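Visitor: Here it is, the structure, as structure tokens.
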């Protein structure tokens, strides 16, 4: 995979993972910061794109879904489904 935005893991002095994140976790608002940092490393900003999509099933992604032009709730949890419907976002179900 050429590009990946994810939570990085902390390593202890012995080289083993500690179970804690290293730096800002890619979670809730952290996803926005990590996305902006990645785009900046490429000389870009989210505003440079006319269209942007983000697909999620979790209420934890509402912050990032709120900054893209095309948020899509896929098999959403109850809170995300309500939020998506209230904001007119598409809701998809891929299984019964």
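Residue numbers (the working numbering): 579 to 674.
Yeah, the Cβ is synthetic: ideal placement off N, Cα and C, and Gly gets one too.
All values derive from a computational prediction rather than experimental measurement.
Could you tell me the distance, in whole angstroms, from the CA atom of residue 638 to the CA atom of residue 605?
Guide: For this step, residue 638 is matched to residue 60 along the chain shown. For this step, residue 605 is matched to residue 27 along the chain shown. Their backbone Cα atoms lie some 7 Å apart in a straight line.
Visitor: Using alpha carbons as the reference points, say which of 594, 626 and 636 lies closest to residue 662.
Guide: Residue mapping note: residue 662 aligns to position 84 of the chain shown, counting from 1. Ranking the options by Cα distance to residue 662, first place goes to 636.
Visitor: Could you name each continuous alpha helix (DSSP H) segment of 4 residues or more that falls completely within the stretch 586-651, going from the start of the chain to the end?
Guide: Here the runs fully enclosed are 607-619 and 640-643.
Visitor: Would you please state the rounded distance, in angstroms, between the beta carbons of residue 630 and residue 652? I believe it to be under 8 Å.
Guide: Residue 630 sits at position 52 when you count from the first residue of the chain shown. Residue 652 sits at position 74 when you count from the first residue of the chain shown. Between residue 652 and residue 630 the Cβ distance is about 16 Å, and since that is not below 8 Å, they are no contact.
Visitor: Excluding the five sequence neighbours on either side, which residues of its own chain have a C-beta within less than 6 Å of the C-beta of residue 647, listed in chain order?
Guide: The sequence position of residue 647 within the chain shown is 69, counting from 1. The residues are 629 and 630.
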